[in-house]
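These notes concern the structure reproduced below.
Residue numbers (UniProt numbering): 1 to 990.
Encoded structure:
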């Protein structure tokens, strides 16, 4: 017998073939003759280290009735657990008809340690049915499994059993209950558990802190940490590991980090290498990569976790190249990467912008044997999809041998990210078919897809599914539902969800505030912000960024300044995104100086910062300053993106500047995407360089309607309306559907060429395509027919308009003015005021022009004075109209008084031209000579002014002065423009 059970026999290669049969035979004949058989069995059990040997011994136990021997089974299960074969221990346990408490706890610990949480629950249920009691060692394993499986119902039932059996006061069990509630997100119950503990130990406090941190209750983490310290307990490394990650998500984060790091140093926790990754991570989250790197460099025993933390630090801060460099150094130092290394590094490959980088990392994954790891496959799948390589993403998914809920969610998210709603939904159905129950992450991905397509029906279906599965109260899913309904303009549903949420975090408040602003409910957003502050919820930079756009509606810079002050007071003004948003707000409120002051005060400026201030200067038409800012940006070593260039190109006042920008684009290999290409085309057309404009058009994407709109606009810029219409015809031949901008351009081209036949053709096309339902296009058609000479057609279009706005009246009034019908123009102006429509500057311009053409002096003066009553300050064009009206009707002195009011501050060549013309036609040569002095001092480039002044001097016989005017013209190389007459009736649009 001793020879049979020798180590040699058990380890022999022939054992699988006949060893177990021989052993069975010997046992069968020796069981009753050798009382020390069980002792021998126990002595050889430690020698069994392979699964096949353990299976053979398990078979012997069953065959010879030893399966219920408590000592043997306990040692057998212990050996299986020790070797990491929980499945074998489970097989033996299932055959065991009468397990005791020790055996139960042993198998539960083994299964729990190996992550087999479903089997933990199954074993516990079997023992419960068999009448096996539980103790303070049993319940923690069961509760841990319930938390891992997110089985809230069974976990709460176990809690009831704990209270019933009297273990509710055991610190270890209570800590396990606390941890269970924390893991399933019920922090209210978790807090109740610790409050009921007379003297919670450090482990219990750590569990509560970890729960608050895991569920995103950042400020509560700091409060609980404070409560723990007040009780006299000293935090350990585990405490700091839970508290430190929170610091990057709350205000004054870097100060809190310094304080906690100092406390850890004081308590000696900094010597614990397990804390180094947490410290590296938190400094990285605060943007302090120098400190993170310093901690990494000072670590004496760099294990793989510390390497992973610094790689992750660079990856999260979008410094992908540094992350890859650290990875290479890690390999050079012969430190073998693990699964976490690749999961940290792979997502950063997206920022490198090339599929080649991710393919290189993919090859490293294969080299180190992680190509079958689900987490690594999931990370690779996600990056491939984000880089647009859906074929590789689908290949990885389809060939993954093991699929968990994470990889299914990643595939749903990948399809959702590319707008493939149907595929995303099909994958959602397929995962259920294969037995995977969708969780909150799945639903969040689906909602993301449906929000892009604005599919409220499918979104509501996903919401209903989450209610059915009882996961709708998950805070992350609730926030996603808030965002979905806000993006789909269903604000009522958003408020219902928000009001029903038992727990709201900062993301919840930010989402609903941002949703109100996006849906035009700015006042509601402000009320929510105030309500949030009254409830004591600490806002962050995202809250302020969300609320700032609402101040553009108020057009009140004081509110923007108030938010700025609030940001400074709460010490979050240094946030670069918030600073950028404040700059934009100041610009939108017309406070350019404040925006520039804030911009200059920023310690570090991103490309977005430069773009924001450049946008402000461009909106204010400060072209020279815009170009200077662009040069400063280059000197600051900030690489402009296409948004920068879109801001700079309209500011080019000389073609040389525009060509320099174009050269910069080519030199820096900036892709000529359609928005940038069209901006270049518009720049060249402004300088009437159609050759360059057409070269750009030829290389552009001909399927883009904006490209065709630009080339049509370019010909309108250069006043070649016929060419604009030709390109429109060519666009139709290419079977491209015009949009709103196309039609407006085409109507403008018709107004320019003044051809009624073509205008009628365009009107027919517009009506057939249904564009005539747009009021802006209707207004453009009215203007077109008025300028083409058909005022009756213009009136017919105006009369049939269902809704008329201020522009409609302005355009029609201007049409009457062009046709000299002052009575109709003034009548329509009166009608407009009776309807309650407030005239704007354009309306007043149209009415004054009509009065000028008709010679209605008193009416024109009344209209001009009513501008001041309506709080509208006249512009130069309005002054020009009233001076022209007074000059035409011989009110020269009155006109001259108006000119003298505006002359010191502004150049008014057109106004002087009208007044000079009036002096000539009415024979007031004395006044004409006086005005002539101003003309000669201004040295205008308009030859007509010199011609009129020459004629005035000639009419009074002052030939020397007349000759001097001619000399000035010759010196300035000005020629009198020849008069032309054009009548065109060609038709070419059918």
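Beta carbons are placed, not taken as given, at the ideal position from N, Cα and C, and that holds for glycine.
Throw me the rounded Cβ distance for the residue i and residue j pair, which I believe falls under 8 Å.
i, j, result
"residue 878", "residue 848", "6 Å"
"residue 595", "residue 583", "5 Å"
"residue 538", "residue 219", "6 Å"
"residue 609", "residue 599", "6 Å"
"residue 710", "residue 743", "No, residue 710 and residue 743 are not in contact; Cβ-Cβ is about 15 Å, not under 8 Å."
"residue 530", "residue 507", "Not a contact, Cβ separation roughly 19 Å."
Please return the same chain residues whose Cβ sits closer than 8 Å to the Cβ of residue i, not counting the five positions on each side in sequence.
i, result
"residue 277", "305, 306, 308, 309"
"residue 840", "806, 810, 872"
"residue 970", "none"
"residue 563", "544, 547, 548, 551, 582, 585"
"residue 776", "740, 744, 807"
"residue 132", "99, 100, 101, 104"
"residue 519", "486, 489, 491"
"residue 883", "895, 898, 899, 911, 914, 915"
Taking all protein chains shown into account, decide if residue i is buried (16 or more other Cβ within 10 angstroms of its Cβ) or exposed.
i, result
"residue 852", "buried"
"residue 532", "buried"
"residue 888", "buried"
"residue 656", "exposed"
"residue 163", "exposed"
"residue 169", "exposed"
"residue 427", "buried"
"residue 960", "exposed"
"residue 113", "exposed"
"residue 467", "exposed"
"residue 188", "exposed"
"residue 928", "buried"
"residue 175", "buried"
"residue 275", "buried"
"residue 362", "buried"
"residue 487", "buried"
"residue 402", "exposed"
"residue 844", "buried"
"residue 497", "buried"
By Cβ distance, which residues of its chain are closer than 7 Å to residue i, with the 5 residues on each side in sequence left out?
i, result
"residue 210", "182, 242"
"residue 692", "684"
"residue 405", "436, 439"
"residue 525", "513, 516, 517, 547, 550"
"residue 383", "346, 347, 349, 350, 358"
"residue 702", "734"
"residue 150", "184"
"residue 577", "541, 545"
"residue 397", "381, 407, 411"
With a CB to CB cut of under 6 Å and the five nearest residues on each side skipped, what residues in its chain are close to residue i?
i, result
"residue 365", "342, 371, 376"
"residue 283", "291, 292"
"residue 441", "409"
"residue 779", "807, 808, 811"
"residue 932", "949"
"residue 704", "674"
"residue 246", "213, 218, 221"
query: If we count Cβ pairs, one from each stretch, closer than 8 Å, do we get three or more for the stretch 379–386 versus the stretch 342–360?
result: Segments in contact, yes.
task: Would you check if there are 3 or more beta carbon pairs closer than 8 Å linking the stretch 462–476 to the stretch 436–447?
output: yes
- prompt: Between the stretch 352–360 and the stretch 328–338, do at least 3 Cβ pairs fall closer than 8 Å?
  reply: no
query: Are at least three pairs of beta-carbons, each pair with one atom in the stretch 789–804 and one in the stretch 761–780, less than 8 Å apart?
result: yes
- request: Determine, using beta-carbon pairs with one atom in the stretch 714–729 and one in the stretch 744–764, whether at least three such pairs fall under 8 Å.
  value: yes
- prompt: Do the stretch 645–661 and the stretch 672–687 make contact, defined as three or more Cβ pairs closer than 8 Å?
  reply: Result yes; three or more Cβ-Cβ pairs closer than 8 Å.
field: Touch test, the stretch 784–793 against the stretch 814–825, Cβ-Cβ under 8 Å, three pairs minimum
entry: A contact exists between the stretch 784–793 and the stretch 814–825.
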